[in-house]
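Asker: Taken in order, these protein sequences are the chains called R and C. Position 238, counted from 1, in the first sequence is what our numbering calls 243; the numbers after and before it change by one each time, with no gaps. Position 181, counted from 1, in the second sequence is what our numbering calls 186; the numbers after and before it change by one each time, with no gaps.
2 protein chains.
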Amino acid sequence: MLEGKKSIVILGHVNPDGDCIGSCLGLYNYLKENYEGLEVSVYLEKMGVKFSFLSGFEDVHTEYDDTKTFDLCITSDASDVPRLGVFAPYRETAKDTFCVDHHITNKGMCRVNVIESWASSASEVVFRLLDKGKISKAVAECLYTGIAHDTGIFKFSNTSRQTMEIAGFLMEKGIDFPKIIDDSFFAKTYGQAKIHGRAVLESVRILDNRCVYTVVTTDELREYGCTVKATDGIVDQLRIIEGIEIAFLLYQTGNPDEYKVSLRTNSAVDVSRIALSFGGGGHVKAAGCTMTGEPQEIVEKISGKIREQWEELK
Amino acid sequence: MLEGKKSIVILGHVNPDGDCIGSCLGLYNYLKENYEGLEVSVYLEKMGVKFSFLSGFEDVHTEYDDTKTFDLCITSDASDVPRLGVFAPYRETAKDTFCVDHHITNKGMCRVNVIESWASSASEVVFRLLDKGKISKAVAECLYTGIAHDTGIFKFSNTSRQTMEIAGFLMEKGIDFPKIIDDSFFAKTYGQAKIHGRAVLESVRILDNRCVYTVVTTDELREYGCTVKATDGIVDQLRIIEGIEIAFLLYQTGNPDEYKVSLRTNSAVDVSRIALSFGGGGHVKAAGCTMTGEPQEIVEKISGKIREQWEELK
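1. Need the endpoints of the alpha helix (DSSP H) that Arg269 of chain C sits in, please.
2. So what does Tyr218 of chain R bridge to, in DSSP terms?
3. Taking Thr295 of chain R as the query, report the chain C residues whose CB atoms sit under 7 Å from its CB, ordered along the chain.
4. Hey, out of R:Val54, R:Thr102, R:Ala83, R:Ser84, whose CA is closest to Thr74 of chain R's CA?
5. Quick one: using the 10 Å Cβ neighbour count with 16 as the cut-off for buried, is Asp106 of chain R buried or exposed?
6. In the structure shown, what three-state DSSP assignment does Val19 of chain R receive?
7. Taking Gly27 of chain R and Cys147 of chain R to be in contact with their CB atoms under 8 Å, please state how far apart those CB atoms are, rounded to whole angstroms.
8. Using the beta-carbon of each residue, which ones in chain R are nearer than 9 Å to Thr194 of chain C?
9. Would Thr95 of chain C and Val14 of chain C qualify as a contact pair, given that the criterion is a beta-carbon distance under 8 Å?
10. With distances taken Cα to Cα, identify the nearest neighbour of Val289 of chain R among R:Ser282, R:Phe283, R:Thr270.
11. Leaving out five residues before and five after Asn111 of chain C in sequence, what residues of the same chain have Cβ atoms less than 6 Å from its Cβ?
12. Listed in chain order, which residues of the stretch 154–170 of chain R have Cβ atoms closer than 8 Å to some Cβ of chain C?
13. Would you give the residue range spanned by the beta strand (DSSP E) that Glu44 of chain C belongs to?
14. In chain order, what are the residue ranges of uninterrupted beta strand (DSSP E) at least 3 long that sit wholly in the stretch 142–211 of chain R?
15. Any Cβ of chain R within less than 8 Å of the Cβ of Ile239 of chain C?
16. For the candidate residues C:Thr219, C:Asn214, C:Met176, whose alpha-carbon lies nearest to that of Ser208 of chain C?
17. With a threshold of 8 Å between beta-carbons, can Glu146 of chain R be considered close to chain C, or not?
18. Could you check which residue in C:Met52, C:Glu50, C:Leu59, C:Val54 has the C-alpha nearest to that of Leu32 of chain C?
19. Report yes or no: do three or more beta-carbon pairs, one from the stretch 40–59 of chain C and one from the stretch 297–317 of chain R, lie closer than 8 Å?
20. How would you call Pro21 of chain C, buried or exposed, if buried means at least 16 neighbouring beta carbons within 10 angstroms?
21. With 16 as the cutoff for other CB atoms within 10 Å, does Gln197 of chain R come out buried or exposed?
22. Looking at the secondary structure, which residues open and close the beta strand (DSSP E) in which Gly293 of chain R lies?
23. For Lys11 of chain C, which residues from the same chain have a beta carbon less than 8 Å from its beta carbon, with the 5 sequence-adjacent residues on both sides left out?
24. Do three or more CB pairs link the stretch 156–170 of chain C to the stretch 181–195 of chain R at distances below 8 Å?
25. Can you grab the Cα-Cα spacing for the pair Leu175 of chain C / Asp181 of chain R, in whole Å?
26. Hey, would you say Phe16 of chain C sits closer than 8 Å to Leu89 of chain C, going by beta carbons?
27. Under 8 Å by Cβ, that's how I've got Ile249 of chain R and Lys193 of chain C pegged, so tell me the actual separation to the nearest angstrom.
28. For Gly230 of chain R, is the classification buried or exposed, using 16 other Cβ atoms within 10 angstroms of its Cβ as the cut-off for buried?
29. Give the DSSP-derived three-state secondary structure of Cys4 of chain C in the structure shown.
30. Please give me, in chain order, every unbroken run of the alpha helix (DSSP H) with length at least 4 that falls completely inside the stretch 50–94 of chain R.
31. Buried or exposed for Leu268 of chain C, please, with buried defined as at least 16 other CB atoms from any protein chain shown within 10 angstroms of its CB.
32. Within a Cβ cutoff of 8 Å, which residues of the same chain sit near Arg116 of chain C, ignoring the five residues on either side of it in sequence?
33. Sort out for me which residues DSSP pairs Val119 of chain C with in a bridge.
34. Please list the partners that Ile186 of chain C has in chain R, where partner means a Cβ-to-Cβ separation under 8 Å.
35. Cα separation between Thr295 of chain R and Leu318 of chain R?
36. Exposed or buried, Val91 of chain C, counting other C-beta atoms within 10 Å across all chains shown (16 or more means buried)?
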């Protein structure tokens with residue numbers, strides 16, 4: 006794949022997450038370390054500073070440069086061309102293209118495609134492509150971060166025996182994995198920690214205490230110096246409360262009376278059906294939609310849909 | 006070890022945690038499944054219901070019976086005789102004794118001792134003793150639970166490459182590990198979730214925002230239907246806030262003006278020295294002590310000790 010190539014560009018997906026950043030930078034460091042004379046560039050949208058500990062973070066280009074073309078374009082963790090965002094033209098103009106991914110919906114957008122839909126993460130797929138003897142601590146940090154993020158720290162069902170074995174191999178490279186996990190995965194800003202605390206404290210149990218919901222307003226976010234991004238994780242905190250079958254979060258979008266609704270379930274209820282009935286979508290256990298009205302009206306509507314499914318399941 | 010033995014008792018430590026329960030029940034299920042005719046009993050103090058999904062949970066004896074003696078006593082995860090609690094006499098009166106542990110302080114209290122201080126957990130040590138071909142799903146659930154709990158879900162530095170490989174092997178037995186982690190590790194009662202939310206919301210940053218503390222009173226615990234046990238994990242939530250070097254929690258013990266202080270650090274400060282100076286103890290990064298006075302006085306005293314160490318470290 007690399008033969009005769011002098012310049013390589015690595016692309017990920019828009020709004021890059023831990024796996025996208027980890028797999029792209031893992032590849033970047035590996036190529037830089039092991040192929041002298043190769044020009045390697047990474048183009049990604051602006052990334053969270055919590056990933057700044059990764060080698061190569063400072064080298065990432067965040068703006069599209071229309072004067073550039075490359076011998077080889079590698080896409081990682083992006084399931085289709087639109088997900089490449091503004092950097093998509095690099096794939097068009099590259100002499101050769103290579104796609105690494107784990108999304109089942111990826112139909113293969115490059116000349117050569119390595120798509121392992123059973124893999125936990127793109128980082129796991131990248132790991133399998135590399136010469137194990139040449140994986141440095143810097144590469145290990147990137148790939149471990151990607152795997153850890155996409156598995157919710159080895160908790161989601163996408164985690165396989167091989168995922169654990171790969172993570173173990175990478176951990177043995179001497180990476181500070183307790184710190185990686187704390188700083189890049191669990192860490193919150195003080196404002197975010199307070200928004201989460203308040204959201205749980207003001208949550209309300211309904212439907213015989215089998216459901217719980219909470220509401221986060223734009224004013225509250227402003228009060229704690231947060232954006233809506235800070236609401237990530239609140240609904241999961243509600244979901245793991247003992248006895249709770251369905252948890253949902255309402256947060257104001259900024260438009261008057263408009264709320265994003267994020268739903269989670271531990272039960273047989275299919276929350277994607279609820280989200281779908283209000284114009285949203287998602288998965289059986291995690292879904293979302295946008296609704297308008299007073300929070301209490303929205304809660305009533307969602308409750309009605311939950312009751313409907315309970316009736317069906319009886 | 007089992008030759009000629011007809012009755013076996015398995016003991017853990019007082020206030021049994023996930024690893025103690027997991028390793029004891031892992032051994033119990035393994036012996037029951039593979040050695041017909043063997044009488045196997047487990048004696049442990051009352052366990053959290055969150056572990057009730059483990060096979061054998063219902064069979065555990067929680068009361069000492071002074072009429073019983075056994076051919077073999079196996080102790081797991083207990084570092085010394087006092088840690089066996091009221092069940093310690095079973096070790097005294099058994100014809101043979103066997104100790105499985107991972108505590109570096111364990112000096113060996115049985116005739117045969119397998120103490121691997123580098124292991125993540127007693128469950129990991131137990132795993133290595135078993136015939137891998139005979140590990141059932143029920144045994145895998147127990148040992149996985151033990152390993153996951155003692156590593157903070159593969160996050161603490163005691164997690165080795167082999168720990169990951171063992172966990173991977175156990176996961177492949179078809180256990181529902183996402184549910185095990187959620188229900189036995191992350192789950193909180195509604196009252197506990199609210200106590201945590203409130204504790205974070207009312208926390209105070211001090212010392213140039215490098216430290217954060219919070220106070221939980223007996224009245225608050227009562228309001229949310231919680232015991233002091235519900236405060237577990239609060240100080241860790243504070244520790245992972247961005248920019249925080251030292252976090253501490255004060256909670257009322259029930260005696261007037263008496264507070265337990267729980268300290269955590271991400272920095273070079275040795276919190277065990279702070280705890281020690283107030284009659285407590287612990288580890289470099291996690292320590293505790295009991296102090297009397299108004300919360301504000303206690304906070305001043307702790308702050309003074311933090312400043313002292315900062316001066317030294319300059």
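Every residue, glycine too, gets a C-beta built ideally from N, C-alpha and C. Values in this document were obtained by computation on a predicted structure and should not be read as measured data.
Answerer: Per the coordinate set shown:
1. Not the alpha helix (DSSP H): Arg269 of chain C falls in the beta strand (DSSP E), residues 263–270.
2. R:Val209, R:Phe253
3. What Thr295 of chain R touches in chain C: nothing, since even the nearest Cβ is about 26 Å away.
4. R:Thr102
5. buried
6. coil
7. 5 Å
8. Ile246, Glu247, Gly248
9. Position check: residue 95 of chain C holds Tyr in this sequence, whereas Thr was assumed. Yes, they are a contact pair.
10. R:Thr270
11. Ser84, Ile120
12. Ile158, Phe159, Lys160, Phe161, Ser162, Thr164, Ser165, Arg166, Gln167, Thr168, Met169, Glu170
13. 44–48
14. 209–211
15. no
16. C:Thr219
17. no
18. C:Leu59
19. no
20. buried
21. buried
22. 291–297
23. Gly42, Leu43, Glu44, Asp76
24. yes
25. 25 Å
26. According to the sequence as given, residue 16 of chain C is Leu; it is not Phe. In this structure, Leu89 of chain C lies closer than 8 Å to Leu16 of chain C by Cβ.
27. In fact, because the Cβ distance is near 10 Å, the residues do not count as touching under 8 Å.
28. exposed
29. Summary: the structure shown does not reach residue 4 of chain C, with chain C confined to residues 6 through 319, and so no result is reported for it.
30. none
31. buried
32. Asp101, Thr102, Phe103
33. C:Val105
34. Lys160
35. 26 Å
36. exposed
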